[in-house]
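**Q** First, the structure itself, so that you have it in front of you.
2 protein chains.
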Amino acid sequence: MSQQTATAGGSRPPGMTDVAELAGVSAQTVSRVLSGHPNVKEKTKVAVLAAVEQLGYRLNSAARTLSSGRSRTIGVVSLATVNYSGAVMAYGIESAARAAGYTVSTATTASLDAPAIASAMARLVEQAVEGIVLAVPVLSANDDVEAFSRRIPTVTIDGSRTESAEVVELDQVAAARLATEHLLDLGHQTVWHLAGPLEWLDAASRAHGWRETLENAGRAVPPELHGDWSPESGYQAGLLIGRMPEVTAVFVASDEMAFGVIRALHELGRRVPEDVSIVGFDDIALAAYCSPALTTIAQPFDEIGRRAVAHVLRRIDDPSAAAEPESVSPQLVVRGSTAPPAA
Amino acid sequence: MSQQTATAGGSRPPGMTDVAELAGVSAQTVSRVLSGHPNVKEKTKVAVLAAVEQLGYRLNSAARTLSSGRSRTIGVVSLATVNYSGAVMAYGIESAARAAGYTVSTATTASLDAPAIASAMARLVEQAVEGIVLAVPVLSANDDVEAFSRRIPTVTIDGSRTESAEVVELDQVAAARLATEHLLDLGHQTVWHLAGPLEWLDAASRAHGWRETLENAGRAVPPELHGDWSPESGYQAGLLIGRMPEVTAVFVASDEMAFGVIRALHELGRRVPEDVSIVGFDDIALAAYCSPALTTIAQPFDEIGRRAVAHVLRRIDDPSAAAEPESVSPQLVVRGSTAPPAA
DNA sequence: CCACACTTTGTTATCGGTAACAATTGCTGC
DNA sequence: GCAGCAATTGTTACCGATAACAAAGTGTGG
Chain W
190 MSQQTATAGG SRPPGMTDVA ELAGVSAQTV SRVLSGHPNV KEKTKVAVLA
240 AVEQLGYRLN SAARTLSSGR SRTIGVVSLA TVNYSGAVMA YGIESAARAA
290 GYTVSTATTA SLDAPAIASA MARLVEQAVE GIVLAVPVLS ANDDVEAFSR
340 RIPTVTIDGS RTESAEVVEL DQVAAARLAT EHLLDLGHQT VWHLAGPLEW
390 LDAASRAHGW RETLENAGRA VPPELHGDWS PESGYQAGLL IGRMPEVTAV
440 FVASDEMAFG VIRALHELGR RVPEDVSIVG FDDIALAAYC SPALTTIAQP
490 FDEIGRRAVA HVLRRIDDPS AAAEPESVSP QLVVRGSTAP PAA
Chain H
190 MSQQTATAGG SRPPGMTDVA ELAGVSAQTV SRVLSGHPNV KEKTKVAVLA
240 AVEQLGYRLN SAARTLSSGR SRTIGVVSLA TVNYSGAVMA YGIESAARAA
290 GYTVSTATTA SLDAPAIASA MARLVEQAVE GIVLAVPVLS ANDDVEAFSR
340 RIPTVTIDGS RTESAEVVEL DQVAAARLAT EHLLDLGHQT VWHLAGPLEW
390 LDAASRAHGW RETLENAGRA VPPELHGDWS PESGYQAGLL IGRMPEVTAV
440 FVASDEMAFG VIRALHELGR RVPEDVSIVG FDDIALAAYC SPALTTIAQP
490 FDEIGRRAVA HVLRRIDDPS AAAEPESVSP QLVVRGSTAP PAA
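Residue numbers (our numbering), protein chains in the order written: chain W, 190 to 532; chain H, 190 to 532.
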């Protein structure tokens with residue numbers, strides 16, 4: 190990459206003036222070369238780049254940010270909970286941002302209430318981020334949150350119950366319909382549903398899609414169960430479900446919970462899919478490899494992350510850009526955890 | 190939090206001088222209050238904080254970084270691959286850094302060769318990070334990598350084959366011994382091993398611990414198999430292993446691969462644990478809930494992240510601090526995937 | 001009541017780039 | 001050959017905080 194990064198031993202890292210001097214031009218010209226300004230003679234450009242190379246010069250982004258007012262950084266607010274989907278989205282966000290020449294700064298929040306989210310956003314604002322991706326459900330926006338998202342282009346990934354930000358989302362309702370219909374098509378009389386925490390709009394949408402599908406099909410709508418996305422909560426729900434012989438099909442709002450449900454059923458002596466069919470949601474890497482392999486809805490998390498970034502960038506370029514929510518399509522992946530009901 | 194973040198509508202965010210004016214002091218005093226400088230009268234401190242509150246003032250970290258030379262930021266280089274352990278460590282790192290008043294900036298790399306890692310480090314250096322956590326295995330350090338880690342306190346999480354950085358690691362050898370001995374204690378004649386990619390020092394250490402344990406016990410050492418951490422690669426290995434009737438126990442270097450192995454065995458009609466016992470590594474959330482529940486080695490990833498940060502911070506404070514590798518203890522979690530060999 | 005030491009606060013220069021504007025150079029066509 | 005315009009490069013001020021130093025205020029002992 191560079192020929193000699195550490196030329197002398199002791200002194201501080203080289204600045205633009207050092208490069209300018211070596212190349213025999215002014216600092217401003219160096220700046221222009223490095224920012225890709227069009228009107229620079231090819232010859233000087235080469236000289237400057239050579240000097241940069243020779244000194245191992247690195248731009249000081251703090252100085253650039255201060256002087257230009259642009260930080261080329263996007264902030265992400267995410268929940269301090271470890272989950273698969275979050276990790277995948279984070280990757281999608283980072284790579285998309287990098288491709289656009291932006292870096293990503295993360296702020297995690299432990300809770301979902303407005304002050305906590307506002308505080309995370311405040312930390313990002315201090316770093317002069319140019320846009321914010323809220324990878325958490327925004328339940329109630331307080332004045333601070335509103336103010337931030339008015340001042341800085343903000344996109345919400347989980348959807349939002351407020352007006353403060355743009356939205357990028359998977360069509361959760363359609364996805365839930367897909368899952369529910371798959372089970373009905375197999376011949377099940379009705380479908381139970383283990384939903385995620387109600388605070389998550391995604392969870393609510395899935396539940397809504399499930400309910401709607403059953404109603405449209407004229408089927409009985411069983412009571413809605415709730416977990417917290419964790420395998421353990423799925424297990425607890427499974428212990429309940431497993432005791433009810435009339436349950437033959439369950440649509441679970443996340444793969445991790447689904448495996449918890451399956452385990453509980455297993456322990457209660459009910460086989461999957463022979464006795465009970467299960468559909469999950471997310472299509473995590475393990476879905477195809479645990480036993481039974483899980484029928485599930487694939488969510489293109491990285492794509493969602495990518496789009497969120499694209500959305501934010503568009504708004505950064507043109508703050509008045511329209512706020513059309515984007516939507517990506519879910520897909521049903523049929524594996525071994527679903528089957529027609531026992532005769 | 191703040192009373193009125195957006196006082197007027199249009200103007201730019203308030204600066205320190207605005208706060209100073211409102212509080213009737215100089216900008217320097219405001220700076221001192223906000224940096225927790227000791228010699229400030231209580232009364233003025235209160236006045237300043239009130240002004241800060243009223244204006245909804247936020248520090249401009251670019252300016253602070255430029256002027257003080259300290260960015261209060263730690264950089265993390267991670268692999269652009271989605272895996273559970275990475276996500277957990279990321280969380281540990283972020284929370285530990287935040288607790289110390291630092292923010293985290295991430296740079297992902299798609300490959301493990303020196304130029305790619307150097308490039309990721311370069312991006313972090315541009316952001317003036319004060320320390321770097323390399324959450325990737327450093328195979329071969331080139332001059333750039335060396336130069337960076339000499340200039341900036343750097344910690345490697347996966348261990349390192351170079352001398353360029355400090356090390357924080359789980360005692361992988363002891364962990365592998367734990368796993369292997371567990372299987373031998375159950376009565377298995379020997380234990381097979383599906384290792385991770387050799388580039389990862391962690392993977393090599395686990396393989397080493399496994400081999401050593403077998404040799405010490407005077408057992409035959411079967412050929413070492415390799416996967417890439419993914420469930421799919423475990424599945425492929427499982428298809429191989431499953432065809433050999435003499436295999437009764439396998440130690441797999443990651444839980445995700447372990448489930449892949451189990452699935453393959455399952456398809457080949459070999460039961461786990463009745464015919465073959467499996468021990469995994471990581472203790473991911475699903476380990477206890479898939480069937481069979483996986484016996485595995487628990488790695489305290491968040492703790493590792495925390496320690497890595499602690500280590501970096503120590504070196505930031507005192508660049509000459511000793512380079513004692515830290516080590517955290519692994520733990521065996523026995524679940525349903527292991528049993529004595531069939532009679 | 002003053003000198004000396006310690007607090008507390010203010011002033012000025014500076015970090016390393018970029019914006020805005022000025023100056024120089026090179027080329028066109030008449 | 002020179003006006004006129006574009007391309008190229010240089011100059012100066014400034015972004016918003018902090019470091020280093022200077023100055024004013026406070027308190028103590030002799």
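We put the CB at the ideal spot given by N, CA and C, even for glycine. Treat the numbers as computed from the prediction; the structure is a model and nothing was measured.
Just the chain W side, please: which residues come within less than 7 Å of V314 (chain H) by C-beta, in chain order?
**A** As a first step, residue 314 (chain H) is located in the second sequence; it is residue number 125 there, counting from the start. Within 7 Å Cβ-Cβ: R247.
**Q** W389 (chain H) by DSSP, collapsed to three states: which one?
**A** The count along the second sequence starts at 1 and reaches residue 389 (chain H) at position 200. It is coil, neither helix nor strand.
**Q** By how many angstroms is the C-alpha of L483 (chain H) removed from the C-alpha of G427 (chain H)?
**A** Your numbering for residue 427 (chain H) matches position 238 in the second sequence. Your numbering for residue 483 (chain H) matches position 294 in the second sequence. Their backbone Cα atoms lie some 15 Å apart in a straight line.
**Q** Have a look at S191 (chain H) and H377 (chain W) and give me their C-alpha separation to the nearest angstrom.
**A** As a position in the second sequence, residue 191 (chain H) is number 2, starting the count at 1. As a position in the first sequence, residue 377 (chain W) is number 188, starting the count at 1. Only weak support is given to the placement of S191 (chain H): the predicted model assigns it a pLDDT of 39, under 50, and the value that follows is read from those uncertain coordinates. C-alpha separation (whole angstroms): 54 Å.
**Q** Once DSSP output is grouped into helix, strand and coil, what is the label at G204 (chain H)?
**A** Numbered from 1 along the second sequence, position 15 holds the residue referred to as residue 204 (chain H). Note: G204 (chain H) maps to coil in three-state DSSP.
**Q** How many angstroms separate the CA atom of P519 (chain W) from the CA atom of L475 (chain W)?
**A** Along the first sequence, one-based indexing puts residue 519 (chain W) at 330. Along the first sequence, one-based indexing puts residue 475 (chain W) at 286. If I take the Cα positions, the gap works out to 18 Å.
**Q** Considering only DSSP beta bridges, list what A536 (chain W) is partnered with.
**A** Missing from the structure shown is residue 536 (chain W); chain W here goes from 190 to 532 and no further.
**Q** Give the range of the alpha helix (DSSP H) segment to which V356 (chain H) is assigned.
**A** Counting from 1 along the second sequence, the entry for residue 356 (chain H) is found at position 167. Where V356 (chain H) is concerned, there is no enclosing alpha helix (DSSP H), although the beta strand (DSSP E) it sits in stretches over 355 to 359.
**Q** Which residue wins for smallest C-alpha separation from R259 (chain H), given the options H:G320, H:A279, H:Y280?
**A** In the second sequence, residue 259 (chain H) corresponds to position 70, counting from 1. Ranking H:G320, H:A279, H:Y280 by Cα distance to R259 (chain H) puts H:G320 first.
**Q** Taking C-beta pairs closer than 7 Å, name the residues in chain H that G449 (chain W) reaches, listed in chain order.
**A** To locate residue 449 (chain W), count along the first sequence from 1; it is residue 260. The answer, in chain order, is Y478.
**Q** Between S338 (chain W) and chain H, is any beta-carbon pair separated by less than 8 Å?
**A** For the purposes of this step, residue 338 (chain W) is taken as residue 149 along the first sequence, with counting starting at 1. Judged by the 8 Å Cβ criterion, S338 (chain W) is not in contact with chain H.
**Q** Out of W:A299, W:G264, W:S308, W:L301, point me to the one whose CA is closest to R287 (chain W)'s CA.
**A** Within the first sequence, the letter at position 98 stands for residue 287 (chain W). Minimum Cα distance to R287 (chain W) is reached at W:G264.
**Q** Give a yes or no on whether 8 Å exceeds the smallest Cβ distance from P420 (chain W) to chain H.
**A** As a working mapping, residue 420 (chain W) is identified with position 231 in the first sequence. It does; some Cβ of chain H falls within 8 Å.
**Q** Expressed to the nearest angstrom, what Euclidean distance is found between the alpha-carbon atoms of T343 (chain H) and P411 (chain W)?
**A** Here the question's residue 343 (chain H) lines up with position 154 in the second sequence. Here the question's residue 411 (chain W) lines up with position 222 in the first sequence. Roughly 56 Å separates the two Cα atoms.
**Q** Under DSSP, the alpha helix (DSSP H) around S591 (chain W) begins and ends at which residues?
**A** The question about residue 591 (chain W) has no answer, for chain W in this structure spans 190 to 532.
**Q** Less than 8 Å separating the beta-carbons of F470 (chain W) and V380 (chain W)?
**A** Against the first sequence, residue 470 (chain W) aligns to sequence position 281. Against the first sequence, residue 380 (chain W) aligns to sequence position 191. It is not a contact, given that the beta carbons lie outside the stated cut-off.
**Q** Take every Cβ of the region 487 to 498 of chain W, pair it with every Cβ of the region 446 to 453 of chain W, and state whether three or more of those distances are shorter than 8 Å.
**A** Verdict: no, contact absent.
**Q** I'd like the list of long-range same chain contacts for A299 (chain H), defined as Cβ closer than 7 Å, with 5 residues on each side in sequence excluded.
**A** To locate residue 299 (chain H), count along the second sequence from 1; it is residue 110. A269, A305, listed in sequence order.
**Q** Is any heavy atom of the ligand COA found at a distance shorter than 7 Å from the C-beta of L211 (chain H)?
**A** Ligands in the displayed structure: none, and consequently the ligand COA is not present.
**Q** Please identify the residue among W:V277, W:L457, W:T233 whose C-alpha is closest to the C-alpha of P434 (chain W).
**A** On the first sequence, position 245 is the one that residue 434 (chain W) refers to. Closest option to P434 (chain W), Cα to Cα, is W:L457.
**Q** Could you please tell me which residues of the region 273 to 291 of chain H, in chain order, have their CB closer than 9 Å to any CB of chain W?
**A** Those would be Y273, G275, A276, V277, A279, Y280, E283, S284, R287, in chain order.
**Q** Just the C-alpha distance for D391 (chain H) and A365 (chain W), rounded to the nearest angstrom, thanks.
**A** Along the second sequence, one-based indexing puts residue 391 (chain H) at 202. Along the first sequence, one-based indexing puts residue 365 (chain W) at 176. The straight-line gap from Cα to Cα measures roughly 41 Å.
**Q** Please list the terminal residues of the continuous alpha helix (DSSP H) segment that includes H455 (chain H).
**A** Position 266 of the second sequence, counted from the first residue, corresponds to residue 455 (chain H). That run of the alpha helix (DSSP H) goes 444 to 456.
**Q** Go ahead and pull the three-state DSSP assignment for I493 (chain H).
**A** Looking up residue 493 (chain H) in the second sequence gives position 304. It is helical.
**Q** Within 8 Å, do at least three Cβ pairs link the region 305 to 316 of chain H to the region 352 to 362 of chain H?
**A** Output reads no: the region 305 to 316 of chain H does not touch the region 352 to 362 of chain H.
**Q** Applying the criterion that 16 or more other CB atoms from any shown protein chain within 10 Å of the CB defines a buried residue, is P203 (chain W) buried or exposed?
**A** Taking the first sequence and counting its residues from 1, the one referred to as residue 203 (chain W) is at position 14. The residue is buried, with at least 16 neighbouring Cβ atoms inside 10 Å.
**Q** Grab me the residues of A309 (chain H)'s own chain with a C-beta within less than 8 Å of its C-beta, minus the 5 sequence neighbours each way, in chain order.
**A** Here residue 309 (chain H) refers to the residue found at position 120 of the second sequence. Cβ neighbours of A309 (chain H) beyond the five flanking positions: V266, A296, T297, T298.
**Q** Residues of the region 387 to 416 of chain H in Cβ contact with chain W at a cutoff of 7 Å, in chain order, please.
**A** So nothing in the stretch comes that close.
**Q** Please state the DSSP three-state secondary structure of V314 (chain H).
**A** Within the second sequence, the letter at position 125 stands for residue 314 (chain H). Helix at V314 (chain H).
**Q** Does W418 (chain H) come out as helix, strand or coil in the three-state DSSP assignment?
**A** By one-based count along the second sequence, residue 418 (chain H) stands at place 229. Here W418 (chain H) sits in coil by DSSP.
**Q** What is the DSSP secondary structure of G225 (chain H), reduced to helix, strand or coil?
**A** Translated into positions along the second sequence, residue 225 (chain H) becomes position 36. Note: G225 (chain H) maps to coil in three-state DSSP.
**Q** Using the beta-carbon count (16 or more within 10 Å), is L454 (chain H) buried or exposed?
**A** For the purposes of this step, residue 454 (chain H) is identified with residue 265 of the second sequence, where counting begins at 1. L454 (chain H) comes out buried.
**Q** Starting from V241 (chain W), follow the alpha helix (DSSP H) in both directions and report where the run begins and ends.
**A** Numbered from its first residue, the first sequence carries residue 241 (chain W) at position 52. 231 to 244 is the extent of the alpha helix (DSSP H) around V241 (chain W).
**Q** Interface residues of chain W around T297 (chain H) at Cβ under 8 Å?
**A** Taking the first residue of the second sequence as position 1, residue 297 (chain H) is located at position 108. What T297 (chain H) touches in chain W: Y280, E283, S284, R287.
**Q** Please state whether DSSP places P398 (chain H) in a helix, a strand or coil.
**A** The residue labelled residue 398 (chain H) in the question sits at position 209 within the second sequence. In the sequence as displayed, the identity of residue 398 (chain H) is Gly instead of Pro. Note: G398 (chain H) maps to helix in three-state DSSP.
**Q** Taking Cβ-Cβ distances shorter than 9 Å, what residues in chain W pair up with H455 (chain H)?
**A** If you number the second sequence from 1, residue 455 (chain H) lands on position 266. Simply S480.
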